[in-house]
Amino acid sequence: MITKSGGEYPYLMEAFGPIPAFLFSWTSLLVTKPSSFAIICLSFAEYASAPFYPGCDPPPVVIKCLAAAAIVVITIVNSLSVKLGSYLQNLLTAAKMIIVTIIIVSGIVLLAQGKTENFKDSFKDSKISVSSIGLAFYNGLWAYDGWNQLNYITEELKNPYRNLPLSIIIGIPLVTICYVLINIAYFTVMTSTELLQSQAVAVTFGDRILYPASWIVPLFVAFSTIGSANGTCFTAGRLVYVAGREGHMLKVLSYISVKRLTPAPAIMFYGAIAIIYIIPGDINTLINYFSFAVWIFYGLTVFALIVMRFTRKEVNRPIRIPIVIPVIVTLVSILLVLIPIISAPELAYLYCVLFILSGLIFYVLFVHFKFSWPQKISKPITMHLQMLLEVVPAEETTE
621 MITKSGGEYP YLMEAFGPIP AFLFSWTSLL VTKPSSFAII CLSFAEYASA PFYPGCDPPP
681 VVIKCLAAAA IVVITIVNSL SVKLGSYLQN LLTAAKMIIV TIIIVSGIVL LAQGKTENFK
741 DSFKDSKISV SSIGLAFYNG LWAYDGWNQL NYITEELKNP YRNLPLSIII GIPLVTICYV
801 LINIAYFTVM TSTELLQSQA VAVTFGDRIL YPASWIVPLF VAFSTIGSAN GTCFTAGRLV
861 YVAGREGHML KVLSYISVKR LTPAPAIMFY GAIAIIYIIP GDINTLINYF SFAVWIFYGL
921 TVFALIVMRF TRKEVNRPIR IPIVIPVIVT LVSILLVLIP IISAPELAYL YCVLFILSGL
981 IFYVLFVHFK FSWPQKISKP ITMHLQMLLE VVPAEETTE
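Quick look at the structure:
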């Protein structure tokens, strides 16, 4: 129904108007997307550095420097060329499937050999409650986040009405099956305690099963994580670009490279924000912070589908789903937002809400009243970027 790039942004704009859309772009640009990028690059750094520190955890400074270097490289690649970014993504996805296949096949062989002792009394001493299940879903659902990434580049897709749903229908079940089988493989050689204590689970698995070829695992897992980071950068940069095009961000962020046709300023700005999130370096804290904020907007976006079913009846819907599905997802989103606040209240959640609402101040000043001094201040930067990167406003590329 909506063929604009930007993920949730155009849906919120169409259903609720510019304020929720602005708050989404504000939160995504400064919290959810760069923190996700940082989390993935920190994971890459842990796996890439683990083989060089056998028997102990890599120093935090090494992990942070590697993660920052990964962000810089990925940002440069995606700023230079759409084709280069897509080729890199295809290559790294192939590497990901190789290591996934190796781990799954190893797990199947071990199960066939009777390695099932770690599955006995699997849920012993587990806490079964609404709050504990909700918090578990937080971490689990983050692993599956990315199912909506193609919505960020809808305008660049060929035949989006066919290819977008097809990729989701194929991709989500495939990823789910792979994740489940990989975790089963891990439990064939590790107890739940060992798995939780491992700094790099796949590396531990490789050391116990694939020795002396265990070096394959951290190498290919590093390829896998860097591929996820590349995909995140490729899509999230388009959100910054779309928000800039709509006047919700600095105008320079909507500029496009004349020769390369990439939103280079938006991607570079996104990468710079992600590097800031490397500094704290606590993956678990970043995941919780990210998940809480992102599910607020996931819920609003799905609720937008329900709203537009009644307010946009005349719009052609090439893809139509039963309304009960968005109703269920909206209710689940509400639970995922409320459960951590009720079960384990922390000031971080309050800070997150206050940060989201603080976007209203910037909206009123710079979008509603259109204070021009930020654009004036950024004008010298814009001029330098135009000369250095050969970028122009998006509308000029279509002329």
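All letters in the sequence shown, in the order written, are residues 621 to 1019 by my numbering.
Yeah, the Cβ is synthetic: ideal placement off N, Cα and C, and Gly gets one too.
Identity of the residue in the options nearest residue i by Cα
{"i": "Thr581", "options": "Ala892, Val914, Leu761, Ile722", "result": "An answer regarding residue 581 cannot be provided, because it is not within the stretch 621 to 1019 covered by the chain."}
{"i": "Phe644", "options": "Pro1000, Tyr918, Arg937, Ile954", "result": "Tyr918"}
{"i": "Gly600", "options": "Cys685, Gly637, Ala690", "result": "Summary: the structure shown does not reach residue 600, with the chain confined to residues 621 through 1019, and so no result is reported for it."}
{"i": "Ala670", "options": "Pro965, Pro638, Ala820", "result": "Ala820"}
{"i": "Ala805", "options": "Ile896, Thr721, Ala964", "result": "Thr721"}
{"i": "Ala892", "options": "Ala641, Tyr629, Ala658", "result": "Ala658"}
{"i": "Leu830", "options": "Phe986, Ser978, Ile719", "result": "Ile719"}
{"i": "Met869", "options": "Tyr631, Ala894, Leu985, Thr808", "result": "Leu985"}
{"i": "Ser787", "options": "Cys798, Asn768, Leu801", "result": "Asn768"}
{"i": "Lys879", "options": "Tyr629, Ser699, Ala688", "result": "Ser699"}
{"i": "Ala894", "options": "Ser656, Thr647, Tyr629", "result": "Ser656"}
{"i": "Ser749", "options": "Leu977, Phe664, Ser963", "result": "Ser963"}
{"i": "Ile887", "options": "Leu859, Arg865, Glu866, Pro900", "result": "Leu859"}
{"i": "Ile836", "options": "Ile723, Glu775, Val693, Pro965", "result": "Ile723"}
{"i": "Ile916", "options": "Ile943, Pro900, Arg932, Thr950", "result": "Thr950"}
{"i": "Asp765", "options": "Phe923, Val914, Leu977, Ala924", "result": "Val914"}
{"i": "Phe664", "options": "Ala641, Pro946, Asn738, Ile694", "result": "Ile694"}
{"i": "Ser706", "options": "Asn738, Val725, Leu777, Ser742", "result": "Leu777"}
{"i": "Gly979", "options": "Thr647, Ile622, Glu628, Tyr629", "result": "Thr647"}
{"i": "Pro900", "options": "Pro780, Lys684, Phe642", "result": "Lys684"}
{"i": "Lys744", "options": "Tyr629, Pro946, Thr811, Leu731", "result": "Thr811"}
{"i": "Ile728", "options": "Ala924, Tyr969, Asn803", "result": "Asn803"}
{"i": "Ser1036", "options": "Phe642, Ile773, Asn710, Lys990", "result": "The structure shown does not extend to residue 1036, since the chain is modelled only from 621 to 1019, so the question has no answer here."}
{"i": "Ile896", "options": "Ser746, Phe642, Val692", "result": "Val692"}
{"i": "Ile943", "options": "Ser752, Ser953, Phe923, Ser726", "result": "Phe923"}
{"i": "Pro780", "options": "Ile622, Ser746, Arg932", "result": "Ile622"}
{"i": "Tyr1027", "options": "Ile773, Ile954, Arg782", "result": "Residue coverage of the chain in this structure runs from 621 to 1019, which leaves residue 1027 outside it and unanswerable."}
{"i": "Arg828", "options": "Ser726, Phe642, Ile789", "result": "Ser726"}
{"i": "Leu801", "options": "Ser746, Arg782, Leu730, Ser953", "result": "Leu730"}
C-beta contact flag for residue i and residue j at 8 Å
{"i": "Ile846", "j": "Leu712", "result": "yes"}
{"i": "Ala668", "j": "Pro838", "result": "yes"}
{"i": "Pro793", "j": "Ile939", "result": "no"}
{"i": "Leu686", "j": "Val697", "result": "no"}
{"i": "Lys653", "j": "Tyr890", "result": "yes"}
{"i": "Thr882", "j": "Ser701", "result": "yes"}
{"i": "Leu649", "j": "Ala863", "result": "yes"}
{"i": "Gly826", "j": "Ser818", "result": "no"}
{"i": "Cys853", "j": "Phe912", "result": "no"}
{"i": "Tyr631", "j": "Thr855", "result": "no"}
{"i": "Phe975", "j": "Val651", "result": "yes"}
{"i": "Glu666", "j": "Pro678", "result": "yes"}
{"i": "Thr808", "j": "Lys735", "result": "yes"}
{"i": "Ala849", "j": "Cys676", "result": "no"}
{"i": "Ala688", "j": "Ile898", "result": "yes"}
{"i": "Val987", "j": "Gly791", "result": "no"}
{"i": "Leu956", "j": "Phe672", "result": "no"}
{"i": "Tyr799", "j": "Ala763", "result": "yes"}
Buried/exposed call for residue i, threshold 16 Cβ in 10 Å
{"i": "Lys740", "result": "exposed"}
{"i": "Gly626", "result": "buried"}
{"i": "Leu967", "result": "exposed"}
{"i": "Lys716", "result": "buried"}
{"i": "Pro1000", "result": "exposed"}
{"i": "Val681", "result": "exposed"}
{"i": "Glu934", "result": "exposed"}
{"i": "Arg937", "result": "exposed"}
{"i": "Thr1018", "result": "Its pLDDT being 46, under 50, Thr1018 is placed unreliably by the model, and the measurement read from it follows with that caveat. Under this definition Thr1018 is an exposed residue."}
{"i": "Ile876", "result": "buried"}
{"i": "Val872", "result": "buried"}
{"i": "Pro640", "result": "buried"}
{"i": "Glu628", "result": "buried"}
{"i": "Ala884", "result": "buried"}
{"i": "Ala714", "result": "exposed"}
{"i": "Asn771", "result": "buried"}
{"i": "Arg865", "result": "buried"}
{"i": "Ser746", "result": "exposed"}
> In the stretch 908-989, which residue ranges form an unbroken alpha helix (DSSP H) of at least 4 residues, counting only runs that do not cross its ends?
Replying inline: 944-963, 967-982
> Which runs of the alpha helix (DSSP H) spanning at least 4 residues fall entirely within the stretch 835-905, listed in chain order?
Replying inline: Counting whole runs of 4 or more residues, the stretch 835-905 contains the alpha helix (DSSP H) stretches 836-865, 884-898.
> If we count Cβ pairs, one from each stretch, closer than 8 Å, do we get three or more for the stretch 631-646 versus the stretch 926-937?
Replying inline: yes
> What are the uninterrupted segments assigned as alpha helix (DSSP H) that are 4 or more residues long and contained completely in the stretch 779-837, given in chain order?
Replying inline: 780-807, 812-817, 821-829
> Which parts of the stretch 675-716 are runs of the alpha helix (DSSP H), unbroken and 4 residues or longer, counting only runs that do not cross its ends?
Replying inline: 680-700
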